[in-house]
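One structure is given below, encoded as structure tokens.
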Amino acid sequence: MSDYPSIVLEQAVNQLASLPGVGRRTALRLVLHLLRQSDQDVEAFASAFARLKKEIIYCRVCHNISDSELCPICSSTRRDHSTICVVENVQDVMSIENTGQYNGVYHVLGGVISPMEGIGPKELEIDSLIERISKGDIAEVILALPTTMEGDTTNFYIYRRIQNVFPVTGNPSPVTLPKISQIARGVAVGNQLEYTDEITLGRSIVNRTEFKG
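Be aware that the sequence shown starts at 17, since it is given in this note's numbering, and climbs by one per residue.
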């Protein structure tokens with residue numbers, strides 16, 4: 017027998033409880049809160065999530081979420097397009113933007129290399145990053161990935177891929193090797209960027225160091 021007096025109520029709780037970080041008790045409290053709201057408020061709530069799935073797209077350049085083919089950051093003439101900050105996910109873009117310490121553009125990988133989870137380079141947006149760099153005009157690539165084993169593995173893989181863009185022979189390359197840096201270790205080892213306070217994250221961006229592989 018169900019613990020809930022209504023099948024509809026139970027289904028709503030199940031849906032909310034499927035979200036990360038939301039337990040069944042919290043889900044029940046949220047559902048009961050929605051029941052007390054007006055029909056218009058609940059419809060607006062549901063409509064916002066329906067539109068989110070149908071209308072949100074990913075920037076064709078950096079893979080950040082956007083309302084159009086180019087996100088506001090990539091389309092801005094005020095940003096430094098010669099500096100690319102490589103991050104794991106969209107939340108990291110938001111976290112770095114909140115620091116107010118960075119004026120370049122981004123590249124969202126969509127994860128980090130993790131063989132245990134079956135995530136390899138081909139599952140990430142690494143090829144498109146290398147393609148951006150190979151076109152030239154990139155002065156610096158900032159590796160702002162999590163300070164974890166998976167993040168460090170991904171950093172090293174990208175570092176080697178960037179180096180392989182350029183010929184190993186003595187022939188001059190038409191593209192200049194960009195500076196490769198990483199955020200300072202003010203971010204504690206093992207921490208995700210989205211959980212790092214803005215002051216620490218901002219200082220890590222400003223005091224970034226050269227990545228030496």
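Glycine included, C-beta positions come from ideal geometry on N, C-alpha and C.
Check                                                                                                                                                                                : Outcome
Given this structure, state the Cα-to-Cα distance separating Gln-56 from Tyr-74, to the nearest angstrom.                                                                            : 30 Å
Specify the secondary structure class of Arg-94 as computed by DSSP and reduced to three states.                                                                                     : coil
What three-state label does DSSP hand Ser-130 in the structure shown?                                                                                                                : strand
Check each candidate in Ile-158, Asp-153 and Glu-147 and name the one with the smallest Cα separation from Asn-180.                                                                  : Glu-147
Please report the distance separating the alpha-carbon of Leu-48 from that of Glu-166.                                                                                               : 40 Å
Cβ of Ala-160 within 8 Å of Cβ of Val-103?                                                                                                                                           : yes
Kindly list the residues whose CB is nearer than 6 Å to the CB of Val-157, restricted to its own chain and excluding five residues on each side of it in sequence; keep chain order. : Ile-100, Pro-194 and Ile-196
Once you ignore the five residues that flank Gly-127 on each side, which residues in its own chain have a CB closer than 8 Å to its CB?                                              : Glu-104, Asn-105, Ile-135, Glu-139 and Leu-140
Which residue's Cα is closest to the Cα of Gly-152: Gly-39, Ala-200 and Thr-192?                                                                                                     : Thr-192
Applying the criterion that 16 or more other CB atoms from any shown protein chain within 10 Å of the CB defines a buried residue, is Thr-163 buried or exposed?                     : buried
Could you compute how far the alpha carbon of Ile-174 sits from the alpha carbon of Ile-142?                                                                                         : 7 Å
How far does the alpha helix (DSSP H) with Ile-158 in it reach, from first residue to last?                                                                                          : Looking at the DSSP string, Ile-158 is not in any alpha helix (DSSP H); the run it does join, the beta strand (DSSP E), is 156 to 159.
So, with DSSP's three-state summary, where would you put Gln-53?                                                                                                                     : coil
To the nearest angstrom, how far is the alpha carbon of Ala-28 from that of Arg-40?                                                                                                  : 10 Å
Since Thr-225 sits in a beta bridge, which residues does DSSP pair it with?                                                                                                          : Gln-198
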